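Let me begin by presenting the structure, written as structure tokens, before commenting on it.
Number of protein chains: 2
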Amino acid sequence: MDRTDDLRIDHAAPTLRALAVDRLRGAIISGRFASGERLVERALCDQLGVSRSVVREAIRYLEAEGLVETQPRSGPVVARLSWEDARQIYDIRRLLEAAAAADCARRADEAVAERLGAALARLIAAFAGGEPAALYDATTAFYEVIFSAAGHSIAWDIVQRLNGRISRLRALTLSTTNRRVSGPAHMTRICEAILARDPDAAAAAVSDHLHDAAEIARQSLAPQSLEDTQ
Amino acid sequence: MDRTDDLRIDHAAPTLRALAVDRLRGAIISGRFASGERLVERALCDQLGVSRSVVREAIRYLEAEGLVETQPRSGPVVARLSWEDARQIYDIRRLLEAAAAADCARRADEAVAERLGAALARLIAAFAGGEPAALYDATTAFYEVIFSAAGHSIAWDIVQRLNGRISRLRALTLSTTNRRVSGPAHMTRICEAILARDPDAAAAAVSDHLHDAAEIARQSLAPQSLEDTQ
DNA sequence: GTTGGTATGTTGGCATACCAGAATACAGTC
DNA sequence: GACTGTATTCTGGTATGCCAACATACCAAC
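Chains as they are written, first to last, in this note's numbering: chain W, 9 to 238; chain Z, 9 to 238.
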């Protein structure tokens with residue numbers, strides 16, 4: 009029994025549906041579809057080159073993810089984001105990420121330290137480079153190391169989903185010069201606390217970081233109310 | 009403009025899809041479909057009396073909710089729950105519910121106090137009654153008051169979704185005699201802390217409560233490993 | 001010119017049809 | 001009787017078709 013496991017071929021066979029979900033999610037998160045924009049099914053069929061069944065199922069999935077909302081009569085729309093929602097999301101992230109950092113600090117071993125160091129290096133390089141997409145990815149990768157090392161896989165799923173919903177805000181805050189200065193400092197502080205195996209310090213560092221991020225988001229969102237509630 | 013708002017008819021028109029999602033979710037949460045059981049689409053069509061399109065879209069939605077997982081070759085099955093997953097879920101609930109209770113305590117006014125008291129009364133009655141479904145609902149209603157008063161609507165969504173995933177465990181723990189004794193005491197303590205406007209005490213009370221619940225769940229799940237990972 | 005009515009187009013909700021892969025049953029062969 | 005190859009069935013993936021509701025445009029009548 010064990011011997012066969014080695015040569016099992018796991019025939020991944022990505023379905024069109026899965027591909028469509030990824031594409032659509034990417035398009036929404038990257039801002040290619042504006043907030044509140046209607047997602048006309050037949051148009052998406054043309055753009056994706058698949059049938060309506062596939063598009064509709066993908067939309068249902070993204071709807072449950074909170075990236076798409078279906079209005080009673082007029083069909084699916086890219087979800088809008090109120091500042092109130094964003095505030096709540098930052099609060100939740102703060103709880104989950106602080107807890108993950110603390111557990112990561114508790115459980116960190118040499119391998120984790122190495123991975124975390126590498127992620128931090130990439131992150132700092134991305135901050136210096138100034139490429140938004142790279143910075144976004146590097147930040148994600150950094151946190152993924154933390155959640156993974158902490159063993160918080162479900163919390164990571166939740167955080168990723170929440171991040172999708174505030175992706176436009178994240179892109180905004182990540183590109184803020186204010187953030188470009190404080191970002192690496194924050195991240196370095198988080199990393200150091202974890203490597204020092206200090207759970208409380210790690211949690212505090214993460215919490216402070218997110219507090220700042222939320223504040224930047226608020227300043228850029230609240231004034232002109234970019235995305236109002238309706 | 010304002011005058012017309014009064015007589016706007018909001019034509020809810022529940023779609024078959026929405027109904028199907030609710031039905032399926034209920035069937036899974038209530039345990040009518042066993043964990044790991046295959047969800048054969050055509051069979052569901054017969055049972056629900058709708059077409060495959062509707063069933064499939066409903067399944068996609070529940071898949072994103074984490075209640076259903078689609079295996080690469082053989083289609084959708086009711087999601088399995090490992091103790092590791094359950095443990096993480098209890099941890100997350102602890103964070104979110106403690107935070108909600110704390111904010112609820114900060115913001116509690118007379119109206120909240122009244123609603124909370126009513127919910128607690130129902131809950132205690134349900135504990136006494138011993139009807140599992142009623143107890144489940146009353147517990148949900150109690151927490152809904154807390155999250156609603158705290159203004160944590162998104163966290164509430166997340167908690168509800170997580171609760172769906174551990175619904176079988178919740179049913180188990182709620183019906184445990186051990187819980188029947190300590191449950192009302194815990195809930196009363198939570199309620200009192202909130203009414204006393206003591207955020208820290210409220211958070212601690214919720215945290216303790218969930219710690220116990222998780223422990224009961226562990227004891228009932230870990231020994232025989234009811235739902236293994238694969 | 002405004003108003004009421006009709007025709008047309010757009011679009012989502014739902015149902016059905018077709019196909020291919022996998023599993024199972026079955027039959028033939030040694 | 002065990003094994004192998006084939007036929008059948010099951011089932012999910014995908015595409016397409018139909019319909020009703022809503023929106024828009026156009027038209028006629030006053």
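Yeah, the Cβ is synthetic: ideal placement off N, Cα and C, and Gly gets one too. Bear in mind that the values here come from a model prediction, so they are computed numbers and not experimental data.
- Taking 8 Å as the CB threshold, Ala222/Z stays off the interface with chain W.
- Nearest CB-CB separation between Pro140/Z and chain W: not below the 8 Å threshold.
- Of Ser43/W, Ala136/W, Leu131/W, Ala26/W, the smallest CA-CA separation from Glu152/W is found for Leu131/W.
- Between the beta-carbon of Arg25/W and that of Glu73/W there is about 14 Å, and that puts the pair past the 8 Å contact cut.
- Membership of Pro207/Z in the alpha helix (DSSP H) is indicated by the continuous run 207 to 229.
- Of the residues Tyr144/W, Glu92/W, Gly159/W, the one whose Cα lies closest to the Cα of Ala110/W is Gly159/W.
- DSSP places Val63/Z in the helix class (H, G or I) of the three-state scheme.
- Within the stretch 87 to 132 of chain W, the complete alpha helix (DSSP H) segments of 4 residues or longer fall at 91 to 115, listed in chain order.
- The beta carbons of Ile100/Z and Ala163/W sit closer together than 8 Å.
- In this structure, the beta-carbon distance from Ala211/Z to Ala106/Z falls below 8 Å.
- At a Cβ-Cβ threshold of 8 Å, Leu128/Z and Phe155/Z do not count as neighbours.
- With fewer than 16 other Cβ atoms inside 10 Å of its own Cβ, Ala119/Z counts as exposed.
- Among the residues of chain W, those whose CB is under 8 Å from the CB of Tyr69/Z are Arg68, Tyr69, Glu71, Ala72, following chain order.
- Contact between Leu56/Z and Gly172/Z is absent: CB atoms are separated by about 19 Å, not below the 8 Å threshold.
- With its beta carbon at least 8 Å from every one in chain W, Ala109/Z lies outside the interface.
- The secondary-structure analysis by DSSP pairs Glu77/Z across a beta bridge with Val85/Z.
- Within the stretch 147 to 180 of chain Z, there are no complete beta strand (DSSP E) runs of at least 3 residues.
- Closest option to Val85/W, judged by alpha-carbon separation, among Ala94/W, Leu70/W, Gln96/W: Leu70/W.
- The three-state secondary structure of Arg40/Z, taken from DSSP, is coil.
- Contact check for Arg88/Z and Ala222/Z: beta-carbon distance about 19 Å, past the 8 Å limit, so the pair fails to qualify.
- Contacts with chain Z at 8 Å (Cβ-Cβ) include Arg64/W.
- Counting the other Cβ atoms within 10 Å of the Cβ of Ser175/Z gives 16 or more, which makes it buried.
- A direct Cα-Cα distance of roughly 8 Å separates Gly125/W from Cys199/W.
- Interface annotation, Gln96/W: in contact with chain Z, CB-CB separation under 8 Å.
- The C-beta of Asp30/Z has fewer than 16 other C-beta atoms within 10 Å across all chains shown, which makes the residue exposed.
- For Ala51/W, the uninterrupted alpha helix (DSSP H) run begins and ends at 49 to 56, by DSSP.
- At a cut-off of 8 Å between C-beta atoms, Ser38/Z does not count as an interface residue with respect to chain W.
- Contact annotation: Pro80/W and Phe135/W have beta-carbon atoms that are not nearer than 8 Å.
- For the C-beta of Pro207/W, not a single chain Z residue is nearer than 8 Å; the gap to the nearest is close to 14 Å.
- Listed along the chain, the chain W residues whose CB falls inside 7 Å of the CB of Ala163/Z are Gln96, Ile100.
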